[in-house]
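The UniProt record's numbering numbers the first residue of the sequence shown as 1 and each following residue consecutively. Where is the CB? At the ideal position from N, CA and C, for every residue including glycine.
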Amino acid sequence: MNYLHIKGIVLRNFFLTRKSPHRVAGLFYLITLELVAWGFVTFWIQDIAETDLKVNFVLTLLGALIFWHMFYEGQQGISVAFLEDIWARNVINVFSSPVKLSEFVVALSIVSVINAIIGTLFISCLAFIFYGLEIWSFGFYIVPLFVNVLVFGWALGFVSMGLILRFGPSFEVLVWSIPAIFMPLSAVFYPVSVLPEFFAKVAYFLPTMHVFEGMRSVILNSSFPMENIVMATLLNIFYFILSIFILYLLVRSARNKGALSRLVVE
């Protein structure tokens, strides 16, 4: 694995973002709008809730929003960084260069981590300023929870990247719809117990569900969510390895069938 190749891909994405105000704005504007909207909803729920109900809705709902943003940036950071090469008609150059697929994957993962950290720090500061939310009140628990949602976002990002390579830009819609597809079953803003039995069983196999159940366990019970963290980690290991395997197969198939050239002309 060549460090210079990885560095070059990371720097390319950095300069693309730095020289494009709309890309910089994309890191902040959507999550800011969501924070404002959910902040008002949270205050309203807090006002109408029973006075003896000891639930911190601000921390529960807005905390979930921040964790979900980490997943969003994990998935979008991989997928959109790859789409930049498609939009620039640069895909063939990348895959005909000495850059290995493993180096490309590592570089996009680094880009995703940087975007996720910047976006999460930004929204956490806004949440503290506007709503007094202290996301760091989760303490040590925040680290494994954040890492797990980020890694699952990577896994989905790699699969969507492979599908676009193999089947063309028509699969680009998958990049933007993945967060919406997985949000209901991830039980982001509500406990998984409210889901119908069938969907609750499906949700059990999503790392994100275990992350958000663990987050609520920390808030409501002040207990370490060991079972949730272990399950999320084990599922993530499986899905991450599976996603890399699927990506490898799809890239090889795209090369064998000449599908890469279609990404330049479409």
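Tell me which same chain residues have a C-beta within less than 6 Å of the C-beta of residue i, skipping the five on either side of it?
i	result
G157	Q75, I78, S79
V106	I6
I219	L59, T60
Between the options, which has its C-alpha nearest residue i's C-alpha?
i	options	result
G63	R89, G139, A155	G139
A232	S243, H210, L242	H210
Y248	L145, A25, A116, R166	R166
P207	A187, N221, F224, S222	A187
E213	L145, S137, F15	L145
L234	L59, F15, Y204, W38	Y204
N90	I219, I9, S222	I9
L83	P169, F240, S177	P169
E73	V58, L30, I92, L11	L30
I229	F15, F171, V147	V147
V159	F122, I48, M226, S243	S243
F152	F240, S223, F189	F240
F189	T42, P21, G26	T42
M161	R12, E197, I86	I86
In the DSSP assignment, the alpha helix (DSSP H) including residue i goes from what residue to what residue?
i	result
S186	172 to 186
F167	142 to 167
R23	21 to 26
I135	Where I135 is concerned, there is no enclosing alpha helix (DSSP H), given that its DSSP letter is neither H nor E.
R18	3 to 18
G258	Note, G258: premise wrong, no alpha helix (DSSP H); not H, not E.
L65	63 to 87
T32	29 to 48
V94	91 to 95
Contact check, residue i vs residue j under 8 Å by CB: the rounded distance?
i	j	result
L195	M70	Contact flag wrong, Cβ pair sits at about 22 Å.
L61	L126	Contact flag wrong, Cβ pair sits at about 15 Å.
V202	L185	6 Å
L108	L250	The Cβ separation is near 15 Å, so there is no contact.
N2	E103	6 Å
F14	F122	Contact flag wrong, Cβ pair sits at about 17 Å.
V111	A81	5 Å
I92	L260	5 Å
Could you name the residues of the same chain whose beta carbon sits closer than 8 Å to that of residue i, not counting the 5 residues immediately before and after it, in chain order?
i	result
A200	V192, S193
K100	M1, N2, H5
T120	I66, H69, M70, E73, F146
At a cut-off of 7 Å, would you count residue i as near the ligand GDP, judging by its Cβ distance to the nearest heavy atom?
i	result
Y72	The ligand GDP is absent from the structure shown, which contains no ligand whatsoever.
Taking 7 Å as the limit between beta carbons, can you name the residues of its chain near residue i, skipping five residues before and five after?
i	result
T17	R23, V24
Inset, instruction - Please specify which runs of the alpha helix (DSSP H), each continuous and at least 4 residues long, are wholly inside the region 192 to 242, giving them in chain order. - result: Unbroken alpha helix (DSSP H) stretches of 4 residues or longer found wholly inside the region 192 to 242: 197 to 203, 207 to 221, given in chain order.
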